[in-house]
Amino acid sequence: MAAKILQKSDFQGWCGLDKKSAEGNMQWQEFPNPKKWEETDIDIEISHCGICGSDIHTLRSGWGPTPYPVCVGHEIIGRAIRVGNRVSKNIQIGDRVGVGAQNSSCLRADCEECSSGLENHCTRSVNTFADKYPHDGGESYGGYADYHRAPSHFVFKIPEGLESAEAAPMLCGGITVFSPLKENGCGPGKKVGIIGVGGLGHFGLLFARALGADRVVGISRRSDKREDVLKMGADLYIATEEEKDWSKKHARSLDLIICTVSSPKMPLSQYLRLLRTKGTFIQVGAPEDQLPPMNAFHFIAKGAKFGGSMIGSPAQIEEMLQLAAEKNIKPWINRYSMQDANRAIVDMEAGRARYRITLVNEKRAGTS
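Residue numbers for the sequence shown, in this note's numbering: 1 to 368.
Encoded structure:
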(Lines of atoms letter the chains of each structure in order from A and count residues from 1; the text may use other names and numbers.)
(Lines give C-alpha, C1' and ligand atoms only; values in the text may rest on other atoms or scores of the structure.)
Protein backbone atom coordinates (compact mmCIF):
# COMPACT_ATOMS: atom_id res chain seq x y z
CA MET A 1 0.00 0.00 0.00
CA ALA A 2 1.44 3.36 -1.02
CA ALA A 3 1.88 6.14 1.48
CA LYS A 4 -0.47 9.11 1.35
CA ILE A 5 1.49 12.36 1.38
CA LEU A 6 -0.43 14.98 3.31
CA GLN A 7 -0.34 18.66 2.43
CA LYS A 8 -0.65 21.46 4.97
CA SER A 9 -4.21 22.09 3.81
CA ASP A 10 -5.19 18.52 4.74
CA PHE A 11 -4.78 19.25 8.44
CA GLN A 12 -8.21 20.53 9.43
CA GLY A 13 -10.47 20.03 12.40
CA TRP A 14 -12.78 21.49 15.02
CA CYS A 15 -10.97 24.45 16.59
CA GLY A 16 -11.69 26.46 19.69
CA LEU A 17 -11.08 30.14 19.05
CA ASP A 18 -11.80 31.45 22.55
CA LYS A 19 -13.19 30.40 25.93
CA LYS A 20 -16.74 30.27 24.61
CA SER A 21 -15.79 27.38 22.35
CA ALA A 22 -16.34 25.10 25.36
CA GLU A 23 -20.04 25.99 25.14
CA GLY A 24 -20.31 24.24 21.78
CA ASN A 25 -18.87 26.97 19.58
CA MET A 26 -15.90 25.27 17.93
CA GLN A 27 -15.31 26.06 14.25
CA TRP A 28 -14.04 23.68 11.54
CA GLN A 29 -10.91 25.18 9.98
CA GLU A 30 -7.41 24.53 8.70
CA PHE A 31 -4.66 24.29 11.30
CA PRO A 32 -2.32 27.31 11.10
CA ASN A 33 1.00 25.61 11.87
CA PRO A 34 0.94 21.78 11.92
CA LYS A 35 4.03 19.72 12.70
CA LYS A 36 6.49 19.35 9.84
CA TRP A 37 7.10 15.79 8.62
CA GLU A 38 10.07 13.85 10.00
CA GLU A 39 11.09 10.31 9.12
CA THR A 40 10.40 9.21 12.71
CA ASP A 41 6.74 10.26 12.31
CA ILE A 42 3.54 8.42 11.48
CA ASP A 43 0.58 10.09 9.78
CA ILE A 44 -2.84 8.85 10.85
CA GLU A 45 -6.19 9.02 9.10
CA ILE A 46 -8.53 9.50 12.06
CA SER A 47 -11.59 7.29 12.42
CA HIS A 48 -12.39 7.83 16.11
CA CYS A 49 -11.50 10.23 18.91
CA GLY A 50 -12.59 10.07 22.53
CA ILE A 51 -13.73 13.16 24.40
CA CYS A 52 -11.81 13.72 27.62
CA GLY A 53 -12.43 16.16 30.44
CA SER A 54 -9.07 17.69 29.53
CA ASP A 55 -10.63 18.83 26.27
CA ILE A 56 -13.21 20.94 28.09
CA HIS A 57 -10.69 22.34 30.58
CA THR A 58 -8.44 23.40 27.69
CA LEU A 59 -11.19 24.87 25.53
CA ARG A 60 -12.25 27.18 28.35
CA SER A 61 -8.70 27.95 29.58
CA GLY A 62 -9.53 26.29 32.89
CA TRP A 63 -5.97 25.17 33.60
CA GLY A 64 -4.39 28.41 32.41
CA PRO A 65 -4.40 30.46 29.20
CA THR A 66 -4.94 28.31 26.10
CA PRO A 67 -3.03 29.16 22.89
CA TYR A 68 -5.99 29.58 20.54
CA PRO A 69 -6.85 28.36 17.99
CA VAL A 70 -6.77 24.90 19.55
CA CYS A 71 -7.99 21.55 18.25
CA VAL A 72 -8.46 19.26 21.23
CA GLY A 73 -8.80 15.48 21.45
CA HIS A 74 -6.07 13.12 22.67
CA GLU A 75 -7.74 9.73 22.43
CA ILE A 76 -7.08 9.16 18.74
CA ILE A 77 -7.65 6.01 16.70
CA GLY A 78 -7.17 5.58 12.97
CA ARG A 79 -5.12 3.99 10.20
CA ALA A 80 -1.44 4.65 9.55
CA ILE A 81 -1.25 6.18 6.07
CA ARG A 82 2.45 7.14 6.10
CA VAL A 83 5.27 5.63 8.14
CA GLY A 84 8.69 7.27 8.24
CA ASN A 85 11.75 5.30 7.14
CA ARG A 86 13.34 5.76 10.59
CA VAL A 87 10.38 4.32 12.50
CA SER A 88 11.62 1.34 14.51
CA LYS A 89 8.23 0.11 15.70
CA ASN A 90 6.48 -2.72 13.89
CA ILE A 91 3.85 -0.46 12.35
CA GLN A 92 2.98 -0.64 8.68
CA ILE A 93 0.81 1.45 6.40
CA GLY A 94 -2.77 0.33 6.93
CA ASP A 95 -2.32 -0.73 10.55
CA ARG A 96 -4.85 0.44 13.12
CA VAL A 97 -3.07 2.72 15.57
CA GLY A 98 -3.73 5.14 18.40
CA VAL A 99 -2.26 8.20 20.11
CA GLY A 100 -2.90 9.35 23.67
CA ALA A 101 -2.33 12.55 25.62
CA GLN A 102 1.43 12.67 25.09
CA ASN A 103 2.80 13.28 21.62
CA SER A 104 6.52 13.53 22.24
CA SER A 105 9.34 13.60 24.78
CA CYS A 106 13.05 14.29 24.43
CA LEU A 107 14.04 10.56 24.43
CA ARG A 108 17.60 11.58 25.29
CA ALA A 109 19.97 9.13 26.93
CA ASP A 110 20.84 11.74 29.57
CA CYS A 111 17.18 12.32 30.46
CA GLU A 112 16.51 10.58 33.77
CA GLU A 113 12.85 10.04 32.92
CA CYS A 114 13.10 8.97 29.28
CA SER A 115 16.04 6.66 29.91
CA SER A 116 14.14 4.82 32.66
CA GLY A 117 10.79 4.29 30.96
CA LEU A 118 9.12 7.30 32.55
CA GLU A 119 8.63 9.31 29.38
CA ASN A 120 5.30 10.63 30.65
CA HIS A 121 7.24 12.64 33.26
CA CYS A 122 9.81 14.11 30.85
CA THR A 123 10.10 17.86 31.35
CA ARG A 124 10.47 18.31 27.57
CA SER A 125 7.24 16.51 26.73
CA VAL A 126 4.89 17.78 24.04
CA ASN A 127 1.17 17.39 24.62
CA THR A 128 -0.98 16.04 21.82
CA PHE A 129 -2.75 19.39 21.55
CA ALA A 130 -2.17 23.02 22.55
CA ASP A 131 1.60 22.64 22.60
CA LYS A 132 4.69 23.32 20.46
CA TYR A 133 7.46 21.12 19.10
CA PRO A 134 10.72 22.71 20.30
CA HIS A 135 12.87 21.81 17.29
CA ASP A 136 10.72 23.14 14.41
CA GLY A 137 8.18 25.48 15.99
CA GLY A 138 5.27 23.41 14.75
CA GLU A 139 2.16 23.25 16.91
CA SER A 140 0.29 20.19 18.12
CA TYR A 141 -3.36 19.75 17.18
CA GLY A 142 -5.62 17.02 18.47
CA GLY A 143 -8.02 14.44 17.15
CA TYR A 144 -11.27 16.30 16.46
CA ALA A 145 -9.97 16.23 12.93
CA ASP A 146 -9.37 14.20 9.77
CA TYR A 147 -5.62 13.60 10.18
CA HIS A 148 -2.99 13.54 12.90
CA ARG A 149 0.82 13.49 12.73
CA ALA A 150 2.78 12.07 15.66
CA PRO A 151 6.29 10.87 16.53
CA SER A 152 6.21 7.08 16.32
CA HIS A 153 7.37 6.45 19.89
CA PHE A 154 3.95 7.61 21.04
CA VAL A 155 1.89 5.76 18.42
CA PHE A 156 0.47 2.40 19.48
CA LYS A 157 -0.80 -0.52 17.45
CA ILE A 158 -4.32 -1.42 18.55
CA PRO A 159 -4.71 -5.13 19.32
CA GLU A 160 -7.23 -7.23 17.46
CA GLY A 161 -10.31 -7.73 19.56
CA LEU A 162 -10.56 -4.10 20.68
CA GLU A 163 -13.21 -2.12 18.86
CA SER A 164 -11.88 1.29 17.81
CA ALA A 165 -14.67 3.27 19.47
CA GLU A 166 -13.97 1.46 22.75
CA ALA A 167 -10.19 1.58 22.50
CA ALA A 168 -10.09 5.35 21.93
CA PRO A 169 -11.03 6.47 25.48
CA MET A 170 -8.51 4.04 26.95
CA LEU A 171 -5.67 6.14 25.53
CA CYS A 172 -6.14 8.84 28.17
CA GLY A 173 -9.06 7.95 30.43
CA GLY A 174 -8.03 4.33 30.70
CA ILE A 175 -4.31 4.81 31.20
CA THR A 176 -4.85 7.59 33.76
CA VAL A 177 -6.24 5.00 36.20
CA PHE A 178 -4.50 1.85 34.93
CA SER A 179 -1.04 3.29 35.59
CA PRO A 180 -1.54 4.09 39.31
CA LEU A 181 -3.45 0.85 39.87
CA LYS A 182 -0.58 -1.13 38.38
CA GLU A 183 2.19 0.85 40.05
CA ASN A 184 0.59 0.57 43.48
CA GLY A 185 0.05 -3.16 43.49
CA CYS A 186 -3.59 -3.58 42.53
CA GLY A 187 -4.17 -7.31 42.34
CA PRO A 188 -4.81 -10.36 44.52
CA GLY A 189 -4.68 -9.53 48.21
CA LYS A 190 -5.59 -5.85 47.73
CA LYS A 191 -8.80 -3.97 48.53
CA VAL A 192 -9.20 -1.04 46.16
CA GLY A 193 -11.50 1.98 46.20
CA ILE A 194 -12.33 4.18 43.22
CA ILE A 195 -13.65 7.63 44.10
CA GLY A 196 -15.85 9.21 41.45
CA VAL A 197 -17.85 7.17 38.96
CA GLY A 198 -17.50 9.15 35.77
CA GLY A 199 -15.34 8.63 32.72
CA LEU A 200 -12.16 8.00 34.71
CA GLY A 201 -13.78 6.23 37.63
CA HIS A 202 -15.63 3.69 35.54
CA PHE A 203 -12.29 2.71 33.95
CA GLY A 204 -10.86 2.39 37.44
CA LEU A 205 -13.53 -0.12 38.40
CA LEU A 206 -13.09 -2.13 35.20
CA PHE A 207 -9.30 -2.30 35.48
CA ALA A 208 -9.22 -2.96 39.23
CA ARG A 209 -11.42 -5.99 38.65
CA ALA A 210 -9.39 -7.11 35.62
CA LEU A 211 -6.15 -6.87 37.63
CA GLY A 212 -7.59 -9.24 40.20
CA ALA A 213 -8.18 -7.08 43.27
CA ASP A 214 -9.80 -9.04 46.12
CA ARG A 215 -12.35 -6.30 46.70
CA VAL A 216 -13.36 -3.33 44.54
CA VAL A 217 -15.37 -0.46 46.02
CA GLY A 218 -17.01 2.32 44.01
CA ILE A 219 -17.51 5.63 45.80
CA SER A 220 -19.65 8.52 44.57
CA ARG A 221 -22.13 11.01 45.95
CA ARG A 222 -25.54 9.57 45.12
CA SER A 223 -27.05 6.11 44.81
CA ASP A 224 -28.29 6.49 41.21
CA LYS A 225 -25.08 4.89 39.89
CA ARG A 226 -25.14 1.90 42.23
CA GLU A 227 -26.52 -0.57 39.69
CA ASP A 228 -24.01 0.52 37.03
CA VAL A 229 -21.09 0.27 39.45
CA LEU A 230 -21.98 -3.27 40.47
CA LYS A 231 -22.29 -4.26 36.80
CA MET A 232 -18.78 -2.89 36.26
CA GLY A 233 -17.45 -5.41 38.75
CA ALA A 234 -17.53 -3.61 42.08
CA ASP A 235 -18.30 -5.56 45.24
CA LEU A 236 -19.64 -2.55 47.12
CA TYR A 237 -20.92 0.95 46.40
CA ILE A 238 -20.81 3.85 48.84
CA ALA A 239 -23.10 6.85 48.22
CA THR A 240 -21.47 9.51 50.37
CA GLU A 241 -24.37 11.99 50.34
CA GLU A 242 -26.95 9.35 51.26
CA GLU A 243 -25.21 6.84 53.54
CA LYS A 244 -25.05 8.06 57.11
CA ASP A 245 -21.64 7.93 58.81
CA TRP A 246 -20.12 6.26 55.73
CA SER A 247 -16.53 7.22 56.54
CA LYS A 248 -16.84 5.79 60.05
CA LYS A 249 -18.63 2.64 58.88
CA HIS A 250 -15.99 1.88 56.22
CA ALA A 251 -12.94 3.25 58.06
CA ARG A 252 -9.61 1.47 57.50
CA SER A 253 -11.07 -0.82 54.85
CA LEU A 254 -9.00 -0.07 51.73
CA ASP A 255 -5.36 -0.64 50.81
CA LEU A 256 -5.43 1.63 47.77
CA ILE A 257 -7.67 4.51 46.75
CA ILE A 258 -7.65 6.15 43.33
CA CYS A 259 -9.45 9.50 43.42
CA THR A 260 -10.78 10.72 40.08
CA VAL A 261 -12.78 13.61 41.56
CA SER A 262 -11.59 17.15 40.85
CA SER A 263 -14.02 19.19 42.95
CA PRO A 264 -12.54 21.52 45.58
CA LYS A 265 -15.57 20.61 47.72
CA MET A 266 -14.91 16.88 47.91
CA PRO A 267 -14.76 15.47 51.48
CA LEU A 268 -11.06 14.63 51.27
CA SER A 269 -10.48 14.11 54.98
CA GLN A 270 -13.35 11.62 55.11
CA TYR A 271 -11.98 9.78 52.09
CA LEU A 272 -8.66 9.42 53.86
CA ARG A 273 -10.33 7.71 56.81
CA LEU A 274 -11.06 4.77 54.50
CA LEU A 275 -7.35 3.91 54.16
CA ARG A 276 -5.89 1.01 56.08
CA THR A 277 -2.56 1.24 57.88
CA LYS A 278 0.20 1.77 55.29
CA GLY A 279 -2.45 2.44 52.64
CA THR A 280 -1.99 4.63 49.57
CA PHE A 281 -4.16 7.46 48.21
CA ILE A 282 -3.51 8.54 44.60
CA GLN A 283 -5.08 11.69 43.17
CA VAL A 284 -5.64 11.70 39.39
CA GLY A 285 -8.53 14.15 39.09
CA ALA A 286 -7.05 17.52 38.09
CA PRO A 287 -9.04 20.45 39.51
CA GLU A 288 -9.07 23.96 38.13
CA ASP A 289 -9.03 25.16 41.76
CA GLN A 290 -7.13 24.05 44.85
CA LEU A 291 -7.71 20.73 46.55
CA PRO A 292 -9.57 21.00 49.86
CA PRO A 293 -7.50 21.11 53.06
CA MET A 294 -6.70 17.81 54.73
CA ASN A 295 -5.66 16.69 58.19
CA ALA A 296 -2.05 15.49 58.17
CA PHE A 297 -2.75 13.08 61.02
CA HIS A 298 -4.82 10.93 58.66
CA PHE A 299 -1.46 10.05 57.08
CA ILE A 300 0.82 10.25 60.07
CA ALA A 301 -1.23 7.95 62.29
CA LYS A 302 -1.47 5.23 59.64
CA GLY A 303 1.86 5.64 57.92
CA ALA A 304 -0.17 6.21 54.76
CA LYS A 305 1.01 7.74 51.48
CA PHE A 306 -0.55 10.49 49.36
CA GLY A 307 0.53 10.79 45.74
CA GLY A 308 -0.41 11.67 42.21
CA SER A 309 -0.16 10.07 38.80
CA MET A 310 0.21 11.52 35.31
CA ILE A 311 -1.26 9.45 32.44
CA GLY A 312 1.16 6.54 31.87
CA SER A 313 4.30 5.54 30.00
CA PRO A 314 4.26 4.13 26.46
CA ALA A 315 5.08 0.69 27.88
CA GLN A 316 2.14 0.92 30.27
CA ILE A 317 -0.21 1.96 27.48
CA GLU A 318 0.78 -1.09 25.45
CA GLU A 319 0.33 -3.31 28.52
CA MET A 320 -3.10 -1.81 29.20
CA LEU A 321 -4.29 -2.32 25.62
CA GLN A 322 -3.14 -5.93 25.67
CA LEU A 323 -4.86 -6.59 28.99
CA ALA A 324 -8.07 -4.99 27.70
CA ALA A 325 -8.00 -7.26 24.65
CA GLU A 326 -7.23 -10.39 26.68
CA LYS A 327 -9.86 -9.68 29.37
CA ASN A 328 -12.44 -8.35 26.90
CA ILE A 329 -12.77 -5.09 28.81
CA LYS A 330 -15.67 -3.05 27.44
CA PRO A 331 -15.84 0.60 28.49
CA TRP A 332 -19.29 2.16 28.61
CA ILE A 333 -19.41 4.71 25.82
CA ASN A 334 -21.76 6.92 23.84
CA ARG A 335 -21.01 7.41 20.15
CA TYR A 336 -21.44 10.78 18.43
CA SER A 337 -20.67 11.75 14.87
CA MET A 338 -17.54 13.85 14.40
CA GLN A 339 -19.87 16.34 12.73
CA ASP A 340 -21.68 16.69 16.07
CA ALA A 341 -18.57 17.47 18.11
CA ASN A 342 -20.05 20.71 19.46
CA ARG A 343 -23.14 18.93 20.77
CA ALA A 344 -20.95 16.18 22.19
CA ILE A 345 -18.78 18.49 24.30
CA VAL A 346 -21.88 20.23 25.66
CA ASP A 347 -23.37 16.87 26.64
CA MET A 348 -20.05 15.82 28.16
CA GLU A 349 -19.86 18.95 30.32
CA ALA A 350 -23.51 18.50 31.35
CA GLY A 351 -22.74 15.02 32.68
CA ARG A 352 -24.84 13.17 30.13
CA ALA A 353 -22.08 10.73 29.12
CA ARG A 354 -22.40 7.15 30.39
CA TYR A 355 -19.49 7.06 30.81
CA ARG A 356 -17.27 8.26 27.96
CA ILE A 357 -18.02 9.80 24.57
CA THR A 358 -16.32 8.74 21.35
CA LEU A 359 -16.53 10.82 18.19
CA VAL A 360 -16.90 8.71 15.05
CA ASN A 361 -15.52 10.14 11.81
CA GLU A 362 -17.93 8.50 9.36
CA LYS A 363 -15.65 9.37 6.44
CA ARG A 364 -12.98 7.05 7.90
CA ALA A 365 -14.75 4.72 10.36
CA GLY A 366 -15.39 2.05 7.75
CA THR A 367 -11.64 1.45 7.45
CA SER A 368 -10.86 1.22 11.18
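Positions of the beta carbon are idealized from the N, C-alpha and C atoms, including for glycine.
Please report the distance separating the alpha-carbon of P188 from that of I345. Linking P188 to I345 through their CA atoms gives a straight-line distance of about 38 Å.
Pick from E288, A304 and D235 that is closest to S269, judged by C-alpha positions: A304
Cβ-Cβ separation, T128 to V99 (assumed contact under 8 Å), whole Å: 6 Å
Among E163, L171 and G94, whose alpha-carbon lies nearest the alpha-carbon of N120? L171
For S140 and G16, the rounded distance between their alpha carbons: Looking at the two C-alpha atoms, the distance is approximately 14 Å.
Just verifying my parser: in three-state terms, what is the DSSP assignment at V229? helix
Quick check on K244: does DSSP put it in helix, strand or coil? Residue state, collapsed to three classes: coil.
Which complete alpha helix (DSSP H) runs does the region 202 to 227 hold, if anything under 4 residues is left out? Listed in chain order, nothing qualifies, since the region 202 to 227 has no complete alpha helix (DSSP H) run of 4 or more residues.
From which residue to which residue does the beta strand (DSSP E) around T58 run? For T58, there is no enclosing beta strand (DSSP E); the enclosing alpha helix (DSSP H) has its first and last residue at G53 to L59.
CB contact flag (A3, V83, <9 Å): yes
Go ahead and pull the three-state DSSP assignment for F178. helix
What is the DSSP secondary structure of C71, counted as helix, strand or coil? coil
Determine, using beta carbons only, whether L206 and K182 come nearer to each other than 9 Å. no
Quick one, are the C-beta atoms of M266 and I195 less than 9 Å apart? yes
Proximity below 9 Å, CB of G50 to CB of G73: yes
Does the beta-carbon of I317 have 16 or more other beta-carbons within 10 angstroms, so that it is buried, or is it exposed? buried
Going by DSSP, what residues sit across from H298 in a beta bridge? None; H298 has no bridge partner.
Tell me whether Q322 sits in a helix, a strand or coil according to DSSP, three-state version. Helix at Q322.
CB contact flag (G143, L291, <9 Å): no
Assuming E113 is part of the beta strand (DSSP E), what are its boundary residues? Neither: E113 is in no beta strand (DSSP E) and is coded neither H nor E.
8 Å Cβ shell around R364 - same chain, five flanking residues per side excluded: Closer than 8 Å at the Cβ level, and outside the excluded window around R364, lie E45, I46, S47, G78, R79 and D146.
Assign I329 to one of two classes, buried (16 or more other C-beta atoms within 10 Å of its C-beta) or exposed (fewer than that). buried
Sufficient close CB pairs (3 or more, under 8 Å) joining the region 122 to 136 to the region 331 to 341: no
Candidates A208, S253, P293 and I300: which alpha carbon is nearest S263's? P293
Secondary structure at D381, three-state DSSP: helix, strand or coil? Since the first and last residues shown for the chain are 1 and 368, residue 381 lies out of range.
If you run the structure through DSSP and keep just helix, strand and coil, what is K35? coil
Can you give me the C-alpha to C-alpha distance between Q29 and F297, rounded to a whole angstrom? 53 Å
Whether A213 touches K191 by CB criterion (9 Å): Yes; because the gap between Cβ atoms is below 9 Å, this pair is in contact.
Same chain, Cβ closer than 6 Å to I158, neighbours up to 5 away in sequence not counted: Annotation for I158: R96, G98 and A167 place their beta carbon closer than 6 Å to its own, counting only its chain and skipping 5 residues before and after.
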